[in-house]
Amino acid sequence: MAAESQCFEKNLHRTVAPIENRLGQLGNSRSMGVSICKVPNKLRKEDEEAYSPLIVSIGPFHSSSTTGSVLPQTSENKEDHPQTPVNKDHQPAMEEYKWQHMLSLLQQLVKKHDHLLAMEGNKWWYMLYLLQRTQNPQETLKKCGKAVLKLEKFVRGSYAENIKFEPHELAGIMLVDGCFILELFLRSRSRQDVTEEDPIFQNDWMVPTIRRDLALLENQIPFFVLKELFETIAEENKALNASSVTDLALSFFYPDLDVDQGIIREWRSHDRSQAGDSKKPRHLHLLDLLHSFYNLTCSVKDPEDENTSHASDLCLGLLSNPTLAQSHPNDKKSWPFKKCATEFSEAGIKFEFEKGKETHLFRIRFHEGVITIPPLHIDETRKSLLRNLIAFEQCIGGRGHHITSYAILMKSLIRSPLDIKLLEKNDIMKNELGGVEDVLTLFNNISREVVLKDFHFNNLCMRVNEYQKSWWNCHRIIAFVTVRYRRNMAILKRDYFSNPWSLMAFIAALVGLLFTAVQTYCAVFLS
Numbered sequence: 000m001a002a003e004s005q006c007f008e009k010n011l012h013r014t015v016a017p018i019e020n021r022l023g024q025l026g027n028s029r030s031m032g033v034s035i036c037k038v039p040n041k042l043r044k045e046d047e048e049a050y051s052p053l054i055v056s057i058g059p060f061h062s063s064s065t066t067g068s069v070l071p072q073t074s075e076n077k078e079d080h081p082q083t084p085v086n087k088d089h090q091p092a093m094e095e096y097k098w099q100h101m102l103s104l105l106q107q108l109v110k111k112h113d114h115l116l117a118m119e120g121n122k123w124w125y126m127l128y129l130l131q132r133t134q135n136p137q138e139t140l141k142k143c144g145k146a147v148l149k150l151e152k153f154v155r156g157s158y159a160e161n162i163k164f165e166p167h168e169l170a171g172i173m174l175v176d177g178c179f180i181l182e183l184f185l186r187s188r189s190r191q192d193v194t195e196e197d198p199i200f201q202n203d204w205m206v207p208t209i210r211r212d213l214a215l216l217e218n219q220i221p222f223f224v225l226k227e228l229f230e231t232i233a234e235e236n237k238a239l240n241a242s243s244v245t246d247l248a249l250s251f252f253y254p255d256l257d258v259d260q261g262i263i264r265e266w267r268s269h270d271r272s273q274a275g276d277s278k279k280p281r282h283l284h285l286l287d288l289l290h291s292f293y294n295l296t297c298s299v300k301d302p303e304d305e306n307t308s309h310a311s312d313l314c315l316g317l318l319s320n321p322t323l324a325q326s327h328p329n330d331k332k333s334w335p336f337k338k339c340a341t342e343f344s345e346a347g348i349k350f351e352f353e354k355g356k357e358t359h360l361f362r363i364r365f366h367e368g369v370i371t372i373p374p375l376h377i378d379e380t381r382k383s384l385l386r387n388l389i390a391f392e393q394c395i396g397g398r399g400h401h402i403t404s405y406a407i408l409m410k411s412l413i414r415s416p417l418d419i420k421l422l423e424k425n426d427i428m429k430n431e432l433g434g435v436e437d438v439l440t441l442f443n444n445i446s447r448e449v450v451l452k453d454f455h456f457n458n459l460c461m462r463v464n465e466y467q468k469s470w471w472n473c474h475r476i477i478a479f480v481t482v483r484y485r486r487n488m489a490i491l492k493r494d495y496f497s498n499p500w501s502l503m504a505f506i507a508a509l510v511g512l513l514f515t516a517v518q519t520y521c522a523v524f525l526s
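Residues in the sequence shown are numbered consecutively from 0, following numbering that gives the first Met the number 0.
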């Protein structure tokens, strides 16, 4: 019995101990919460390429390392211990050798043929350039390595998946990728740092593609890593103290934001006021930064909504008030649009593009029979960004469903190629994605398999849907008559005036009919 009891206790320990250890790791590492996860298969199957990096992998999910570590291996340590970016105090004789050896290994990494491995060499060059902004690059490298290694547990806890890299390996990935991103941002802001040999900025196609890759949900590193690295570098280079990671990131992504600089300045001011003196980053990662940026405050109310409490849902609010005021937020009978753009146009509702410097993507308004929509630029980069923002909302709680609401709204408006052509005609949509069918497929699939908790255009849809039912409004009557007149004239021109002879025959018949009427009048009344 004693032997059986000991065997039972031993097996119990083997069963419980690993679980206790794992639970302990979760408790220690996830105090900052999960913020980075893989895109669910139900979303990924709609467009696999939109969620995968094209040229640069960031973080552990798409790590292109083939050695188990992001760092290159030397002949002295490749069999036993991967070289880490944190220099060890008991190896001072190796410091200069490792630093010089890094330079020769950079050339080897560039020669890799894999589409992601090819960028690894550029990452290392950029990390080297960033460190060389300080007076003592080797000492700065050690400080950065220590700073990142201290955050390793929090970094691991930021990922929803189990990260198989060892602590020093994960810290190495964060160090190289973080330094690469920071140097990329700095060079993007000040092109004076760009040389003729720059492997990225001398290729016109590469920077937009990197912007696209850095906005993927699976291709993120925690924002607090970037912030910690930047502050460490700034301690050694005081000229960087006037900047912040947030400002540098917005400057880098600006070409894809489709907003005026005034909107960015307003958002920066609000973001700083919300952050206050807190040292904790307000943003989870770069994609979260873009997500919060798109939730802009609308400073101009809809004229028809000045006396209501629902004006704010005509343009999205900030994350500080994610719920927003809605008349019936869960009343699905009022949303989305009941008709498509073409049907609304035939019913007398006009479409115009939003003008002015204060416009942004979600400032959609309705006033006196006119739906005003900000211009929408569709290309591969923005398609990928839109899909990843939606995936972020679906996977990470507490961020609202603003982007998902926009996608569902546009899907209800765009149901056929005629709808796309109508929006293009009114300068609302600019299609660089390909043919009309490509855009139609995008909006038909982009909101498929998503869950919507709060629809943030509910009041807008309710008003438009009710407006198109009523006939007493003079604006709609005038617009309806105008649309009908133009459509009938187009049909008449297409079917009866397609060539000059048809037009001449019609005029001759009309003149003959007029003469007949005059002749009849004279015969009856003047004889």
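Every residue, glycine too, gets a C-beta built ideally from N, C-alpha and C.
For residue j and residue i, believed in contact at Cβ under 8 Å, the rounded distance
i	j	result
Ile445	Arg362	Not really, about 20 Å apart at Cβ, beyond 8 Å.
Met173	Val244	Rounded, the Cβ-Cβ distance is 14 Å, inconsistent with contact.
Lys382	Leu286	Incorrect: roughly 15 Å between the Cβ atoms, too far for contact.
Leu451	His376	Incorrect: roughly 24 Å between the Cβ atoms, too far for contact.
Asn218	Pro52	5 Å
Phe343	Asp426	17 Å between Cβ atoms; not a contact.
Leu129	Leu181	6 Å
Leu417	Thr341	5 Å
Alpha-carbon spacing of residue i relative to residue j, whole angstroms
i	j	result
Met461	Phe505	46 Å
Leu408	Leu185	37 Å
Pro207	Ile35	23 Å
Ile54	Lys122	11 Å
Asp255	Pro280	23 Å
Leu439	Cys339	12 Å
Lys44	Val38	10 Å
Glu423	Glu234	51 Å
Leu228	Leu42	33 Å
Ala346	Tyr253	38 Å
Lys349	Thr371	9 Å
Ser311	Ile402	Caution applies to Ser311, whose pLDDT of 35 falls short of 50 and renders its modelled position unreliable; the model cannot decide the point.
Leu22	Lys152	13 Å
Glu168	Ile199	26 Å
Asn240	Asp257	28 Å
Glu160	Pro59	10 Å
Phe164	Met118	20 Å
Trp266	Ala248	13 Å
Val369	Leu384	29 Å
Tyr50	Ile389	11 Å
Pro17	Asn40	30 Å
Ile463	Glu431	In the sequence under discussion, the amino acid at residue 463 is Val, which differs from the Ile named in the question. Each residue's alpha carbon lies about 29 Å from the other.
Cys521	Asn498	35 Å
Thr358	Ile263	11 Å
Start and end residues, alpha helix (DSSP H) containing residue i
i	result
Phe524	499 to 524
Tyr50	Run containing Tyr50: none; DSSP gives neither H nor E here.
Arg211	205 to 212
Glu465	457 to 466
Asn202	No alpha helix (DSSP H) contains Asn202, which DSSP labels as neither H nor E.
Glu342	340 to 345
Asn218	Premise fails: Asn218 is in no alpha helix (DSSP H) and is neither H nor E.
His290	285 to 293
Lys41	40 to 43
Residue interval of the beta strand (DSSP E) (run including residue i)
i	result
Glu351	349 to 352
Exposed unless 16 or more other CB atoms sit within 10 angstroms - verdict on residue i
i	result
Glu3	exposed
Trp500	exposed
Tyr125	buried
Lys9	exposed
Gly32	exposed
Ser404	buried
Thr133	buried
Lys176	Reading off the sequence shown, one finds Asp at residue 176, where the question assumed Lys. Classification of Asp176: buried, given that the 10 Å Cβ count is 16 or more.
Ala238	exposed
Leu555	Outside the shown range of the chain (0 to 526) lies residue 555, about which nothing can therefore be said.
Phe7	exposed
Ser268	exposed
Asp270	buried
Glu465	exposed
Met503	exposed
Ile209	buried
Arg13	exposed
Gln393	buried
Contact test: residue i Cβ vs the ligand FAD heavy atom, cutoff 6 Å
i	result
His12	With respect to small molecules bound, the structure shown includes none, and the ligand FAD cannot be examined in it.
Quick one: which unbroken beta strand (DSSP E) runs of 3-plus residues sit fully inside the region 367 to 435? Chain order, please. Runs of the beta strand (DSSP E) lying entirely within the region 367 to 435, each at least 3 residues long, are 369 to 372, 375 to 377, 428 to 430 in chain order.
In the region 149 to 196, which residue ranges form an unbroken alpha helix (DSSP H) of at least 4 residues, counting only runs that do not cross its ends? DSSP assignment within the region 149 to 196 yields the following whole alpha helix (DSSP H) runs of 4 residues or more, N-terminal first: 151 to 156, 166 to 188.
In chain order, which alpha helix (DSSP H) runs of at least 4 residues are fully inside the region 220 to 255? Entirely contained in the region 220 to 255, the alpha helix (DSSP H) runs reaching 4 residues are, in chain order, 222 to 235, 244 to 252.
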